[in-house]
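Enquirer: Here the protein sequences come in this chain order: A and B.
In this text, residue positions in the first sequence follow this note's numbering: the first is 1, and each later residue adds one.
In this text, residue positions in the second sequence follow this note's numbering: the first is 1001, and each later residue adds one.
2 protein chains.
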Amino acid sequence: MDTGIIENNKTQMRRGVLEYSILLILAAGDGYASSIINKLKEVNIIVAEGTIYPLLIRLKKLELLTYRWEESTQGPPRKYYMITELGRQQLAGLDAAWDELAKGIEIIRNGY
Amino acid sequence: MDTGIIENNKTQMRRGVLEYSILLILAAGDGYASSIINKLKEVNIIVAEGTIYPLLIRLKKLELLTYRWEESTQGPPRKYYMITELGRQQLAGLDAAWDELAKGIEIIRNGY
DNA sequence: TAGAATACCTTGCAATACAAGGTACTAAAA
DNA sequence: TTTTAGTACCTTGTATTGCAAGGTATTCTA
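1) Say whether chain B places a C-beta atom closer than 8 Å to the C-beta of Lys60 (chain A).
2) Would a check of beta-carbon distances place Val17 (chain A) closer than 8 Å to chain B?
3) What I want to know is whether the C-beta of Ala1096 (chain B) ends up closer than 7 Å to one or more non-hydrogen atoms of the ligand HEM.
4) I'd like to check one pair, Ile1105 (chain B) with Gly93 (chain A): are the Cβ atoms closer than 8 Å?
5) Looking only at its own chain, which residues have a Cβ that is under 8 Å from the Cβ of Trp84 (chain A), when we skip the five neighbours before and after it?
6) On the criterion of 16 or more Cβ atoms from any shown chain inside 10 Å, does Ile57 (chain A) qualify as buried, or is it exposed?
7) Any idea which residues DSSP pairs Met82 (chain A) with across the strands?
8) What in chain B is Cβ-close to Met13 (chain A), meaning under 8 Å?
9) CB Arg1014 (chain B) to CB Ile1036 (chain B), shorter than 8 Å?
10) Using beta-carbon positions only, say whether Gly1016 (chain B) and Gln12 (chain A) come within less than 8 Å of one another.
11) Under 8 Å, Cβ to Cβ, is there at least one residue of chain A near Ile1052 (chain B)?
12) Run down chain A in chain order and give the residues with a C-beta less than 7 Å from the C-beta of Arg1109 (chain B).
13) Out of A:Gly4, A:Ile107, A:Ile22, point me to the one whose CA is closest to Ile52 (chain A)'s CA.
14) What residue does the alpha helix (DSSP H) around Glu19 (chain A) start on, and which one ends it?
15) Val43 (chain A) CB to nearest chain B CB: under 8 Å?
Below you can see the structure in the form of structure tokens.
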């Protein structure tokens, strides 16, 4: 349990972009919970299982995602999530929101 | 009460960088709650009063900030917050955390 | 003396990341 | 056959925290 200020803030920052980054990942190709977690880990965005499952369910309820079951030779079947048309539309909005935020931080940071 | 997916996500994204952006602003010069809110508004980061006051108090408790009272000719006295040495140290860590996150998003977004 | 503007602050609610704990399937080792 | 390891699914409870709403106090102006 790291309660450091930085660690806590990293969590906070991650928080903000989780749905966004999941949609980004699924826009590039279907994936299941563990594969998404791994993709995020690759870019140092660390997410717990307990975070991602409810989130995928939420995004599915919002109809930004759907899923299909697929057999695996490595264990139990996998629930492959796919982005929907609505998901892609929302993603475009999130792209814009992210750009705006990043620009805002940039401005504050550089003082102009 | 906008419950749209985008609007909600903007809130989430904001959430993650609020402490960071406040420290950035105060690192550039002392400020009081309203002036900080206005600076954030300038870069399209919209924050409510009910958010910023508890947050400043929290950052003060963590000793990242201190404050002094200052008279105003425009109304009641203002509580000017100042970043501490510890605050600057933590800010450096947050700079790094932000850069890492931004880089991560970039990678996911561009697919390499 | 009333109203507007500015400043401070608190309470309660809702959203949500995550730790912890649980189920189930496959494959390989004992 | 049984056990263990690996993979995958999911839920519950807790803690955090942004914000709407509501409240107090000061200064200036009409």
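Glycine is no exception: its CB is placed at the ideal position from the N, C-alpha and C atoms.
Expert: Walking through what the data contain:
1) Along the first sequence, read from residue 1 onward, the residue named residue 60 (chain A) stands at position 60. Output row for Lys60 (chain A): interface = no.
2) Within the first sequence, residue 17 (chain A) is the residue found at index 17, counting from 1. Answer yes: the Cβ-Cβ gap between Val17 (chain A) and chain B drops below 8 Å somewhere.
3) The model depicted lacks the ligand HEM and carries no ligand whatsoever.
4) Translated into positions along the first sequence, residue 93 (chain A) becomes position 93. Translated into positions along the second sequence, residue 1105 (chain B) becomes position 105. No. Outside cutoff.
5) As a working note, residue 84 (chain A) is residue 84 in the first sequence. Residue identity differs from the one stated: residue 84 (chain A) is Thr in this sequence, not Trp. Only Glu63, Leu64, Leu65, Thr66 meet the Cβ criterion.
6) For this step, residue 57 (chain A) is matched to residue 57 along the first sequence. Exposed, by the Cβ-count rule.
7) Translated into the one-based positions of the first sequence, residue 82 (chain A) becomes position 82. Partner(s): A:Thr66.
8) The sequence position of residue 13 (chain A) within the first sequence is 13, counting from 1. Those within 8 Å of Met13 (chain A) in chain B are Gly1016, Val1017, Tyr1020, Ala1097, Trp1098, Leu1101.
9) Along the second sequence, one-based indexing puts residue 1014 (chain B) at 14. Along the second sequence, one-based indexing puts residue 1036 (chain B) at 36. Result no, Cβ atoms of Arg1014 (chain B) and Ile1036 (chain B) do not sit closer than 8 Å.
10) The residue labelled residue 1016 (chain B) in the question sits at position 16 within the second sequence. The residue labelled residue 12 (chain A) in the question sits at position 12 within the first sequence. It is a contact, given that the beta carbons lie within the stated cut-off.
11) Residue 1052 (chain B) sits at position 52 when you count from the first residue of the second sequence. No, its Cβ sits nowhere closer than 8 Å to a Cβ of chain A.
12) The count along the second sequence starts at 1 and reaches residue 1109 (chain B) at position 109. Those within 7 Å of Arg1109 (chain B) in chain A are Leu24.
13) Residue mapping note: residue 52 (chain A) aligns to position 52 of the first sequence, counting from 1. Ile52 (chain A) has its Cα closest to that of A:Ile22, out of A:Gly4, A:Ile107, A:Ile22.
14) The residue you call residue 19 (chain A) lines up with position 19 of the first sequence. First-last of the alpha helix (DSSP H) with Glu19 (chain A): 5-28.
15) Your numbering for residue 43 (chain A) matches position 43 in the first sequence. It does: the Cβ of Val43 (chain A) has a partner Cβ on chain B nearer than 8 Å.
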